[in-house]
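Worksheet for the structure shown next.
There are 2 protein chains.
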Amino acid sequence: MSRAALPPAAPRAPLSVDRIAEAALALIDRDGLAGLSMRRLGQALGVEAMALYHHVPSKGRLLDAVMDRLVLDFDLPAPGSMPALDRLRHGLHAYRQIAIAHPHAFPLLVGRRFNSPGAFAVYERLLQAFAELGLSPAQSARWFRTLGYFVNGAGMADIASREQAPDATPLLLQRQPEALPFPQVAAVAPYLRVDRLDDVFGFGLDMLLQALAQQAAQGQTPAR
Amino acid sequence: MSRAALPPAAPRAPLSVDRIAEAALALIDRDGLAGLSMRRLGQALGVEAMALYHHVPSKGRLLDAVMDRLVLDFDLPAPGSMPALDRLRHGLHAYRQIAIAHPHAFPLLVGRRFNSPGAFAVYERLLQAFAELGLSPAQSARWFRTLGYFVNGAGMADIASREQAPDATPLLLQRQPEALPFPQVAAVAPYLRVDRLDDVFGFGLDMLLQALAQQAAQGQTPAR
DNA sequence: ACCTGAACACCGTTCAAGT
DNA sequence: ACCTGAACACCGTTCAAGT
Chain A
1289 MSRAALPPAA PRAPLSVDRI AEAALALIDR DGLAGLSMRR LGQALGVEAM
1339 ALYHHVPSKG RLLDAVMDRL VLDFDLPAPG SMPALDRLRH GLHAYRQIAI
1389 AHPHAFPLLV GRRFNSPGAF AVYERLLQAF AELGLSPAQS ARWFRTLGYF
1439 VNGAGMADIA SREQAPDATP LLLQRQPEAL PFPQVAAVAP YLRVDRLDDV
1489 FGFGLDMLLQ ALAQQAAQGQ TPAR
Chain B
1289 MSRAALPPAA PRAPLSVDRI AEAALALIDR DGLAGLSMRR LGQALGVEAM
1339 ALYHHVPSKG RLLDAVMDRL VLDFDLPAPG SMPALDRLRH GLHAYRQIAI
1389 AHPHAFPLLV GRRFNSPGAF AVYERLLQAF AELGLSPAQS ARWFRTLGYF
1439 VNGAGMADIA SREQAPDATP LLLQRQPEAL PFPQVAAVAP YLRVDRLDDV
1489 FGFGLDMLLQ ALAQQAAQGQ TPAR
């Protein structure tokens, strides 16, 4: 019924927040957010569920730890490595890849407040790029949020479009869009398909970064 | 223990999907998404939980019905009422208000696929505005998604920034930002506060609608 | 210090039964 | 046709106990 005890020569690695978070992410990736329970996580780690509470005070804080783990995949180039605008473009594409690589975990980044030191380190790099472009703190805040809104919304849409949840509504859009009583929707539907999501993301991001560059140039060379 | 039976003169209103969805939304608004259970919803409707399954096949489909109810608040002006760009601006501001009015339910709109007839009717109106501006179907799809990413991301950030969930991480940003070891974050933090969210949303939306107008004008008057 | 095991107050959903 | 009640297989978390 239970597995044979390991020999003392290979003792079980001790629990730690990092090890727990890593296992939690793996479980979420495999079974979805709803598939993560303290009991199943304990099982995956070879331990009773209640043992986890010695390292993590609640499931909420465990999810925060998973976010900290996730943000490590946010590959935002360091200042000096390339021009600021390229760093932003590269970084935001990498951020979207988190949504694609971890579709069940990504909503945590969007829906939960994220104020850990690791998160702040990423924010700092983003804001360095804005400052390098000559934006004021007020303008930096606006662009920080605007770009964040875009990439978070894009990631969520990527997930909602791709995911075939067992209770999801049927995908009316993917087949026979011409049968719909909505002519505009029917005409546009082919361009809303999942295989166009890369194109759309690149388009929207370029649109925003162009406007950002334009505004930065204006700020450095005041009109008149 | 149980409430007295109502007299036959005032028979309990019969259940219906709409009545169930309305009660579910009220429950979500009051107690959060996690506070919605079939048992508690039944209780709110004066009925056993299992009675709900005669009108709704699963909790997933119930959530779809709540989305259908929510989208009724999406006040997107009809064609002819005002210029296309103003309709878009008005509609997208109204959409954000859904996030602010129903912070616990809004994530459903962002995270779940939304292909009901009511949703298509809204999509149709949005796409009519793009067509009126002279966008091709391919361009309409790009702008439809780009604007959708922005408003969905903005709504989620509005919620995450405001909500004081019991297990949320502390709000390092709101107080003593100058104590952080991240100079750029410290400088920008005052402009990231909750009381600046209206300003940020207006800014980002204007940025996007400007780019959209610019592109529409180019499309109608081919260069050279 | 770290982990276990029982218990509490919940879940969504199935099923057989009532009217 | 519509609703009930018991049951099944789960939850997060508390608490007292073990080592």
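Same order as they appear, the protein sequences are chains A and B.
The opening position of the first sequence corresponds to residue 1289 in this note's numbering, with each subsequent residue numbered one higher.
The opening position of the second sequence corresponds to residue 1289 in this note's numbering, with each subsequent residue numbered one higher.
Just so it is clear, CB atoms sit at the ideal spot from N, CA and C, and this is done for glycine as well.
If you count every other CB in all the chains shown that lies within 10 Å of the CB of residue i, and 16 or more means buried, which is it?
i: V1398 of chain B; result: buried
i: G1323 of chain A; result: exposed
i: V1482 of chain B; result: exposed
i: L1500 of chain B; result: buried
i: D1446 of chain A; result: buried
i: A1505 of chain B; result: exposed
i: Q1498 of chain A; result: exposed
i: L1496 of chain B; result: buried
i: S1369 of chain B; result: exposed
i: G1507 of chain A; result: exposed
i: G1379 of chain A; result: buried
i: D1455 of chain A; result: Summary for D1455 of chain A: the model assigns pLDDT 48, below 50, so the residue's position carries little reliability; its value from the coordinates is reported in the next sentence. Label assigned to D1455 of chain A: exposed.
i: R1318 of chain A; result: exposed
i: R1433 of chain B; result: buried
i: A1527 of chain A; result: There is no way to answer for residue 1527 of chain A, as the model of chain A reaches only from 1289 to 1512.
i: A1448 of chain B; result: buried
Which stretch, first to last residue, makes up the alpha helix (DSSP H) that contains residue i?
i: S1428 of chain B; result: 1425 to 1450
i: H1392 of chain B; result: First-last for H1392 of chain B: undefined, no H or E at that position.
i: R1328 of chain B; result: 1326 to 1332
i: F1408 of chain A; result: 1405 to 1420
i: P1471 of chain A; result: 1471 to 1476
i: M1355 of chain A; result: 1347 to 1358
i: V1305 of chain B; result: 1305 to 1319
With a cut-off of 8 Å on the beta carbons, I'd call residue i and residue j a contact; round off their distance for me.
i: G1330 of chain B; j: A1337 of chain B; result: 4 Å
i: Q1472 of chain A; j: Q1416 of chain B; result: 6 Å
i: I1308 of chain B; j: L1360 of chain B; result: That pair is no contact at about 15 Å.
i: I1521 of chain A; j: L1414 of chain A; result: No answer is possible for residue 1521 of chain A: it lies beyond the span of chain A, which begins at 1289 and ends at 1512.
i: R1384 of chain B; j: A1442 of chain B; result: 6 Å
i: S1304 of chain B; j: H1343 of chain B; result: 7 Å
i: R1400 of chain A; j: M1355 of chain A; result: 6 Å
i: V1410 of chain A; j: L1351 of chain A; result: Their Cβ separation, rounded to whole angstroms, is 18 Å, which puts V1410 of chain A and L1351 of chain A out of contact at 8 Å.
i: L1468 of chain A; j: F1408 of chain B; result: 7 Å
i: F1362 of chain B; j: A1382 of chain B; result: 6 Å
i: E1412 of chain A; j: F1470 of chain B; result: 4 Å
Okay, do the stretch 1431 to 1445 of chain B and the stretch 1481 to 1499 of chain A touch, 3+ Cβ pairs below 8 Å being the bar?
-> Yes, they touch.
At a cut of 8 Å, does the stretch 1306 to 1322 of chain A reach the stretch 1381 to 1397 of chain A through at least three beta carbon pairs?
-> With the cut-off at 8 Å, the stretch 1306 to 1322 of chain A and the stretch 1381 to 1397 of chain A touch.
Is the stretch 1371 to 1383 of chain B touching the stretch 1414 to 1421 of chain B, taking contact as three or more C-beta pairs under 8 Å?
-> As far as the Cβ criterion goes, the stretch 1371 to 1383 of chain B touches the stretch 1414 to 1421 of chain B, which means the pair count is three or higher.
Taking three-plus beta-carbon pairs below 8 Å as touching, is the stretch 1467 to 1477 of chain B in contact with the stretch 1400 to 1407 of chain B?
-> These segments do not touch.
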